[in-house]
Amino acid sequence: TTRSWDFMGLTQQVNRTALESDIIIGVLDTGISPESDSFRDQGLSPIPKKWKGSCQSSSNFTCNKKIIGAQYFRSAGFLDINDVKSPRDEQGHGTHVASIAAGGYVSNANLTGLANGTARGGVPSARIAVYKVCWSDGCNDVDILAAFDEAIADGVDIISISVGGAATDYFQDSIAIGSFHAMKNRILTSASAGNSGNEPGRVTNVSPWILSVAASTYDRKFLTKVQLGNGLNYEGVSVNTFTSKKGKYPLVYGGDVPNVMAGFSKFDSRYCRKNSLDSKLVKGKIVLCDELSNGESVFLSSAAGTIMRDAENRDNTKPFPLPATFLGVDDGDKAFKYIRSTRNPTATIFKSVEAVEKRTPYVASFSSRGPNSITPEILKPDITAPGVGILAAWSPAAPLSGINGDNRRVLYNIKSGTSMSCPHATAVAAYIKSFFPSWSPAAIKSALMTTAFPLNSTTNPDGEFAYGAGHIDPIKALNPGLVYDADEIDYVTFLCAQGYNTTTLRSVTGDNSTCKKTTGASGDLNLPSFAIPTAPLQTFSHNFTRRVTNVGSPVSKYSVKITAPPSLKIRIEPSILSFTSIGQKLTFKVQIAGQIDRAKVSASFVWDDGKHKVRSPIVVYDSS
Amino acid sequence: SHHGNTHKTYIVYMGDPLKVDHASASSLHRTMLHGVIGSKASTSLLYSYRKSFNGFAAKLTEEEKHRVAKLEGVVSVFPNRKLQVH
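Heads up: the protein sequence lines correspond to chains F and S, in order.
Start counting the first sequence at 3; every next residue gets the next number (the numbering used here).
Start counting the second sequence at 37; every next residue gets the next number (the numbering used here).
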């Protein structure tokens, strides 16, 4: 990416360790475009000795010292004609994701001049191992599990998976199962939290051993101006690479041009849904649609462009297969009224321009929100990172907009999604691991979470359910002071509390673990965050035990600072933790009591030694 | 079908990897399946997970799935889903 790493303070000059080039990131996605400049291997040392994986090379696919492994997985179902049996990326997504995490330095990267700069991944000298599990029809559980099975055995350090479905029981979920066994092998899995928007409880990849990443803005945005025939201009959102050749085009409202012959009425065509527009009436015209879409149906109807209006998604910055811009409700209404006010309405859609996003960071409207539908006592998502308008490498085999028939081919593309935020978090995790190779997945996850900063409540009304612990801070995460560590036995205790029996868990762990009596539904899992479902106006009191490990100064004294609204009483005992050595573990008790009179109440506590601030978010919410 | 004999892809998850070589693990999976579905086991088995955890993917009917789920060592049997990139 050309800007997001600088936005987060991970500049080109940042301190790096030579061990970064030993870090192997396993990317489970649509494959990779090996010719991309982002994956050149000049200057890289030989492949790390620990690597045990392989490369499915062929006449059109080879690995190098950057892409050190590549395999494809397809066990079930027929392949589409557009899919090739190779790790090669035909869709662009895997190339984009891999380059965000570990792409090398590429100067003058841009999309038709947009977002120009030096593109780089978060860990530019780390290696990439590609596991192609996603095809044009999606990503099968069967193949995802096969990729986890291989990646863990191959010796990857971090797994990045920008994929998901609806949240489901942990042992019926391929990503939860795969990441559990990754955790057992000291490999952290970073996963996208989903793009299901701001309906509560839609977050995916919710197991406690995984890092679930929400998507937020950074300080750059892309605006696409539309000028109506009356001379009024409106700034919309999209990534529009088209330069208007004719200037003004006739403007029509989708609801006025239904494809009656095919049985569609204005109630379908106003949303410009598939086949609903009469192509004879829209050919060469700009169509105003009442919904944000990918633009495919308007494109296929031979329209010259589209203006979309809707209540949400003003941050869903993405390219479309034809000139397009997205207006909010107010400006969209003005465009509609203009159409109704004149006999020959016209409009011009201009090429996108860059602008500074002044309200940043805020969580994208499309990013899936908590609470966690599988374990309501575990806060999800865990964290947020940039995922709006991200420029990164692209596969020239894939259309710029991802829509078939769009003949534009580019080497760098701008996309939005939790798919884009996930590899940002993956890279920061890899960055930490390059300094502290012995840290467990839970310790790395804790470092990311306790050093994250909460976002402005005005621009982020969903609070922790939108951003988890907060926005990722790579520099602070490198020096967290204390970490909330956990290992397999802690997660087994958690699973016992979730109701799994000893027989099941013995199979999962391969040992003689037994379920012991536990506290609460989360089994007092040693996480740095707290989620408490409750009923409104009902008094509650919960006790937790937490254990922190000193990774900061050998001799240090931390005192706790609590931030809570009057309706919550939070007690922490002891309130001072005195450490005398690195690696020392101390426990403390947390009592959270009170009642809530609204949907959600936020609080937090911070362990502070004067050098480190170790923050834990608390959210108490109405689960009814 | 209404007879419940439509074959779907299921994942049979069995936890930690077996402490045997990979070929033996696949053979064990085939044997397990053979015990439930007989000679169709070889064509039914789609993939053996054997390196980092234990399990397999197979084409099964609903009724066969229930029988597999009762086998010793099986943690879960669940239908293959198609997930999406985000």
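Cβ atoms here follow ideal geometry from the backbone N, Cα and C, with glycine treated the same way.
- The secondary-structure analysis by DSSP pairs M310 of chain F across a beta bridge with F:C291, F:F328.
- Taking all protein chains in view, the Cβ of E466 of chain F is crowded by 16 or more other Cβ atoms within 10 Å, so the residue is classified as buried.
- Looking from the CA of R188 of chain F, the closest CA among F:E92, F:D145, F:W53, F:E490 belongs to F:E490.
- Relative to the Cα of F41 of chain F, the nearest Cα in the group F:G96, F:K52, F:T504, F:S531 belongs to F:G96.
- Taking 8 Å as the cut-off, the Cβ atoms of G419 of chain F and N197 of chain F count as close.
- With distances taken between CA atoms, G45 of chain F lies nearest to F:A20 out of F:K54, F:T32, F:A20, F:C57.
- Here G372 of chain F really is in contact with P383 of chain F; their C-beta atoms are around 6 Å apart, less than 8 Å.
- If you keep only unbroken alpha helix (DSSP H) runs of at least 4 residues inside the region 410-438 of chain F, you get 420-437.
- What E152 of chain F touches in chain S, judged by beta-carbon distance under 7 Å, is K87, going in chain order.
- Counting C-beta atoms within 10 angstroms of its own C-beta, F581 of chain F has 16 or more neighbours from the protein chains shown and is therefore classed as buried.
- Contact between the region 134-141 of chain F and the region 73-84 of chain F is present: 3 or more CB-CB pairs across the two stretches fall below 8 Å.
- By the criterion of a C-beta distance shorter than 6 Å, R272 of chain F is surrounded in its chain by G256, G257, D292, once the five residues flanking it on both sides are discounted.
- At least one C-beta of chain S is nearer than 8 Å to the C-beta of A155 of chain F.
- Under the Cβ criterion (8 Å, minimum of three pairs), the region 144-160 of chain F counts as touching the region 88-106 of chain S.
- Counted as a single uninterrupted DSSP element, the alpha helix (DSSP H) harbouring P443 of chain F occupies residues 443-452.
- Residue pairing from DSSP places K591 of chain F in a beta bridge opposite F:T547, F:E575.
- When C-beta distances to chain S are compared with 9 Å, the residues of the region 137-152 of chain F below that value are D139, G140, C141, N142, D143, V144, D145, I146, L147, A148, F150, D151, E152, in chain order.
- When rounded, the separation of the alpha-carbon atoms in K519 of chain F and V622 of chain F is 24 Å.
- The C-beta distance from L324 of chain F to F301 of chain F rounds to 5 Å, short enough to meet the 8 Å contact threshold.
- Residues of the region 9-31 of chain F with a C-beta less than 8 Å from any C-beta of chain S: D31, listed in chain order.
- Put simply, the CB of V165 of chain F is near chain S, with a gap under 8 Å to one of its CB atoms.
- For Q58 of chain F, no chain S residue has a C-beta closer than 9 Å to its own C-beta; the minimum C-beta separation is roughly 16 Å.
- Taken in chain order, the members of the region 44-78 of chain S whose beta-carbon sits within less than 7 Å of a beta-carbon on chain F are T45, I47, Y49, M50, G51, D52.
- Distances from the alpha-carbon of A103 of chain F to those of F:G115, F:L234, F:K68 put F:K68 closest.
- Per DSSP, reduced to three states, the secondary structure at L46 of chain F is coil, with no helix or strand assignment.
- Bridge pairing for C141 of chain F: F:C136, S:L119 [DSSP].
- Nearest to G71 of chain F by C-alpha distance, out of F:K54, F:N84, F:D492, F:T3, is F:K54.
- Listed in chain order, the non-local C-beta contacts of S442 of chain F below 7 Å within the same chain comprise R188, D487, D489, local neighbours out to five positions each way being set aside.
- With fewer than 16 other Cβ atoms inside 10 Å of its own Cβ, P48 of chain F counts as exposed.
- Under the Cβ criterion of 8 Å, A105 of chain S is not counted among the residues facing chain F.
- Chain S has no Cβ within less than 8 Å of the Cβ of H426 of chain F.
- P567 of chain F is classed as exposed because its beta carbon has fewer than 16 other beta carbons within 10 Å across all chains shown.
- R508 of chain F sits in a helix when the DSSP states are folded into three classes.
- With respect to the 8 Å criterion, S192 of chain F and S218 of chain F are not classified as neighbours on the basis of their beta carbons.
- Beta bridge pairing from DSSP links G238 of chain F with F:T226.
- Residue contact with chain F for L96 of chain S: absent (no Cβ-Cβ distance below 8 Å to any residue of chain F).
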